[in-house]
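Asks: Residue numbers (the numbering used here), protein chains in the order written: chain A, 1 to 528; chain B, 1001 to 1158.
1) In angstroms, rounded to a whole number, what distance separates the CA positions of residue 304/A and residue 72/A?
2) Sort out for me which residues DSSP pairs residue 73/A with in a bridge.
3) Could you tell me which chain A residues have their CB closer than 7 Å to the CB of residue 983/B, listed as they occur along the chain?
4) Give the secondary structure of residue 254/A by DSSP, where H, G and I count as helix, E and B as strand, and everything else as coil.
5) Answer yes or no: does any C-beta atom of chain B fall closer than 7 Å to that of residue 169/A?
6) Alpha carbon to alpha carbon, how far is residue 1036/B from residue 146/A?
7) Can you pull the chain D neighbours of residue 180/A, defined as C-beta to C-beta under 8 Å?
8) Note the first and the last residue of the continuous alpha helix (DSSP H) segment covering residue 41/A.
9) When you compare the CB positions of residue 85/A and residue 130/A, do they come within less than 7 Å of one another, or not?
10) Is the beta carbon of residue 42/A less than 7 Å from the beta carbon of residue 91/A?
11) Report the rounded CA-to-CA distance for residue 417/A versus residue 295/A, giving the unit in angstroms.
12) Applying a beta-carbon distance threshold of less than 7 Å, which residues of chain A neighbour residue 1079/B?
13) Quick check on the burial criterion: 16 or more other C-beta atoms within 10 angstroms. Buried or exposed for residue 153/A?
14) Using the three-state DSSP reduction, which class does residue 193/A fall into: helix, strand or coil?
15) Under 6 Å from any heavy atom of the ligand SAM, does the C-beta of residue 1096/B make it?
16) Determine whether the beta carbon atoms of residue 426/A and residue 230/A lie at a separation below 7 Å.
17) Residues in the same chain with beta-carbon distance under 8 Å from residue 325/A, minus the five sequence neighbours each way, listed in chain order, please.
18) Does the Cβ-Cβ distance between residue 393/A and residue 502/A come in under 7 Å?
19) Taking 8 Å as the cut-off, does the stretch 364-384 of chain A touch the stretch 479-492 of chain A (at least 3 CB pairs, one atom from each stretch)?
20) Apply the 10 Å Cβ neighbour rule to residue 327/A and answer buried if 16 or more other Cβ atoms are within range, or exposed otherwise.
21) In whole angstroms, give me the CA-to-CA distance for residue 1127/B and residue 22/A.
22) Nearest to residue 13/A by CA position, among 3/A, 24/A, 36/A, 27/A, is which residue?
23) To the nearest angstrom, how far is it from the Cα of residue 217/A to the Cα of residue 263/A?
24) Can you give me the C-alpha to C-alpha distance between residue 365/A and residue 432/A, rounded to a whole angstrom?
25) What's the call for residue 444/A, buried or exposed, on a 16-neighbour Cβ count within 10 Å?
26) Would the stretch 234-241 of chain A and the stretch 265-277 of chain A be scored as touching if the rule is three or more Cβ pairs under 8 Å?
27) Measuring straight from C-alpha to C-alpha, what distance separates residue 1029/B and residue 226/A?
28) For residue 459/A, does the three-state DSSP call read helix, strand or coil?
29) List the endpoints of the continuous alpha helix (DSSP H) containing residue 355/A.
30) Is the beta carbon of residue 308/A sitting closer than 7 Å to the one on residue 228/A?
31) Of all Cβ atoms in chain B, is any one closer than 7 Å to the Cβ of residue 187/A?
32) So residue 264/A is in the alpha helix (DSSP H); what residue range does that whole segment cover?
33) When burial is assigned at 16 or more other CB atoms within 10 Å of the CB, is residue 186/A buried or exposed?
34) Which class does residue 230/A belong to by DSSP, given the choice of helix, strand or coil?
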């Protein structure tokens, strides 16, 4: 079991991508292949989570080369949780994309390349979550980024190319940072195996360790879209097709967050020579939250607005990581799960809004509650959820983080807590404005010249892509996929107890660094 | 750790030149900048392997201490391949971007461009017959029922 499952989760999407590419001329087969692949992946990830939760981390030495020499795959509870949530989201979005593709005659998502690329993205994400090797993590990042470049520029319209160039150049620069950091880590410790790096980092002089720590964090910070390296995100995500934006919003930044969690807890613990970066991370968390949500509150375009809330809410996770207490990590794990699903669902719902209303600007849309009540409900639930209204998972996750912060104490933590509450409130404000304008406002009001301070100050999106504005029908499949995702987000509330318990076990596992090092490098650890 | 000063100087110059060109407005220069930075990073990895030595092939009578470190070379090879792929994609993007800019006021009316593409491809294949169209379709890897346009990725693959 241990030896088969972790590689399988990477192999499945790779094989699926190859098959889907070979089947380029048979659209139906492509759909069958990619759906089957992702269903299998979800099953494997689920099995892996159950297995890892019962028996502890699964370590696989690829090609049976022992740990310091070969590449190690390392799946613990955190990896397994991330994998399972990613697979569920990928599957939900795939169904949505298939529904949209059938309806649009594949103009916006040319299926020939969509399916293989999408599966490559899944493979990249799986590599990043399962690896126990820094360089392999880089390769995983590159696989998923290369796939994301293609997905972001699908169709090659002017606005997508423009957004794509920003995104690709920024991603490449951050990857270069990461690669340079890996080179320096290798120079300093003589290894790229994470467990061995973690073991040897204690022997480094503090200045060297601090520099390595900061270099790695810089690379990941761009990917996770932390302030001030978040400028690229709201500019590039909204122009992509709705399902692509949804999956990017859910998963790509979280891969960065995952890497930051690993760096902070495993490679460079706070008491090690890597330096204690909790205070700078607190400030970054605060600024990410507040600046992001202020950006969101002036946007007219719902997709841009959601991209800003995405950036803003990354701050919560960084806050949890910066607390680095047992409870803080527990709440972070829950918040990551919550945020992946909710943000994806919201983008899917906005994709539906775009189809029904032919626009994504809240100054143009109106009367959708009457026109499409189902879409309204599908938007309303995740919107309340993201805003942190009880009893939804957003409320539980934020409460968890705030409680963890309050236990920690200190003036800086309280400042961040205040910022977090303010951010939550502003999120609710921006999303409820969307609700009021798009769903509650009647068509007649707009025709008679609607004037309100609420929308007079808004900034419209710079690119209006006519190419995406010619839809009338909403396929059942898209509605079904969105409904299923909404159900998942509600499920996070219902099963919050077990998930928090799992999060607690995860936090314990993360905190126990020495045990991890021993499982990866058995004989080295006994040497001391 | 011993290392060659030449390599360090080369790396520094590559980084400096790369960052300088990367900050230009023109996309072509940005790509050149990224290439330079990518190569600078490869040199950095090479520097991290320490002093150069013998080829790391295990034989009798050869002291392993005289070997070069093989791992950084493997890392560089991987990095080069990744860089190569991404650069190819960037060039396709650059071409597409240039095409869209050339259209100017006509906007990115995709259908028209596709027709131009077809005409060009038709000339290249020497016929505009149904057979020629079929080839063009195969080359474009397009399985669309309507002559709807395809993205830059297809252009890149074709």
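Cβ coordinates follow ideal geometry from the N, Cα and C atoms, glycine included.
Replies: Result, derived from the coordinates:
1) Position 304 of the first chain, counted from the first residue, corresponds to residue 304/A. Position 72 of the first chain, counted from the first residue, corresponds to residue 72/A. Their backbone Cα atoms lie some 39 Å apart in a straight line.
2) Start at 1 with the first residue of the first chain, and residue 73/A comes out as number 73. DSSP lists 60/A, 131/A as the beta-bridge partner residues of residue 73/A.
3) Absent from the model: residue 983/B. The displayed extent of chain B is 1001 to 1158, so no value can be given.
4) Walking along the first chain from the start, residue 254/A turns up at place 254. It is helical.
5) Within the first chain, numbered from 1, the residue matching residue 169/A stands at position 169. It does; some Cβ of chain B falls within 7 Å.
6) What you label residue 1036/B is simply residue 36 of the second chain in a count that begins at 1. What you label residue 146/A is simply residue 146 of the first chain in a count that begins at 1. Per the coordinates, the alpha-carbon of residue 1036/B lies some 19 Å from the alpha-carbon of residue 146/A.
7) Among the chains of the structure shown, chain D does not appear; the protein chains present are A and B.
8) For the purposes of this step, residue 41/A is identified with residue 41 of the first chain, where counting begins at 1. The continuous alpha helix (DSSP H) containing residue 41/A extends over residues 27-55.
9) What you label residue 85/A is simply residue 85 of the first chain in a count that begins at 1. What you label residue 130/A is simply residue 130 of the first chain in a count that begins at 1. The answer is no: Cβ separation not under 7 Å.
10) Your numbering for residue 42/A matches position 42 in the first chain. Your numbering for residue 91/A matches position 91 in the first chain. Cβ distance < 7 Å, so residue 42/A and residue 91/A count as in contact.
11) Stepping through the first chain from its first residue, residue 417/A is reached at position 417. Stepping through the first chain from its first residue, residue 295/A is reached at position 295. Going from the Cα of residue 417/A to the Cα of residue 295/A covers about 20 Å.
12) The residue labelled residue 1079/B in the question sits at position 79 within the second chain. For residue 1079/B, the residues of chain A that pass the 7 Å Cβ criterion are 179, in the order they occur in the chain.
13) Your numbering for residue 153/A matches position 153 in the first chain. Within a 10 Å sphere around the beta-carbon of residue 153/A sit 16 or more other beta-carbons, which makes this residue buried.
14) Indexing the first chain from 1 puts residue 193/A at position 193. For residue 193/A, the three-state secondary structure derived from DSSP is strand.
15) Questions concerning the ligand SAM fall outside what the structure shown contains, since it holds no ligand whatsoever.
16) On the first chain, position 426 is the one that residue 426/A refers to. On the first chain, position 230 is the one that residue 230/A refers to. Contact flag unset, no.
17) Position 325 of the first chain, counted from the first residue, corresponds to residue 325/A. Around residue 325/A: 404, 407, 408.
18) As a first step, residue 393/A must be located in the first chain, where it is residue number 393. As a first step, residue 502/A must be located in the first chain, where it is residue number 502. Contact flag unset, no.
19) With a cut-off of 8 Å, the stretch 364-384 of chain A and the stretch 479-492 of chain A count as touching, because enough Cβ pairs lie within range.
20) Along the first chain, read from residue 1 onward, the residue named residue 327/A stands at position 327. Looking at its Cβ environment, which holds 16 or more other Cβ atoms inside 10 Å, residue 327/A is buried.
21) In the second chain, the residue the question calls residue 1127/B occupies position 127. In the first chain, the residue the question calls residue 22/A occupies position 22. Only weak support is given to the placement of residue 1127/B: the predicted model assigns it a pLDDT of 43, under 50, and the value that follows is read from those uncertain coordinates. Looking at the two C-alpha atoms, the distance is approximately 28 Å.
22) Here residue 13/A is taken as the residue at index 13 of the first chain, counted from 1. Residue 36/A is the option with its Cα nearest to residue 13/A.
23) Taking the first chain and counting its residues from 1, one reaches residue 217/A at position 217. Taking the first chain and counting its residues from 1, one reaches residue 263/A at position 263. Their backbone Cα atoms lie some 8 Å apart in a straight line.
24) Counting from 1 along the first chain, the entry for residue 365/A is found at position 365. Counting from 1 along the first chain, the entry for residue 432/A is found at position 432. Taking the straight line joining both Cα atoms gives about 14 Å.
25) Position 444 of the first chain holds residue 444/A. When all chains shown are included, residue 444/A counts as exposed.
26) Counting C-beta pairs closer than 8 Å gives fewer than three between the stretch 234-241 of chain A and the stretch 265-277 of chain A, which falls short of the contact rule.
27) On the second chain, position 29 is the one that residue 1029/B refers to. On the first chain, position 226 is the one that residue 226/A refers to. Using only the alpha carbons, I get a separation of about 27 Å.
28) Position 459 of the first chain, counted from the first residue, corresponds to residue 459/A. Strand, per DSSP.
29) Residue mapping note: residue 355/A aligns to position 355 of the first chain, counting from 1. Note, residue 355/A: alpha helix (DSSP H), 326-357.
30) In the first chain, the residue the question calls residue 308/A occupies position 308. In the first chain, the residue the question calls residue 228/A occupies position 228. Not closer than 7 Å, so no.
31) Working through the first chain from its first residue, we reach residue 187/A at position 187. With 7 Å as the cut-off, residue 187/A counts as an interface residue toward chain B.
32) Against the first chain, residue 264/A aligns to sequence position 264. No alpha helix (DSSP H) contains residue 264/A, which DSSP labels as neither H nor E.
33) As a first step, residue 186/A is located in the first chain; it is residue number 186 there, counting from the start. Buried, since its Cβ has 16 or more Cβ neighbours within 10 Å.
34) Taking the first residue of the first chain as position 1, residue 230/A is located at position 230. For residue 230/A, the secondary structure class from DSSP, reduced to helix, strand or coil, is coil.
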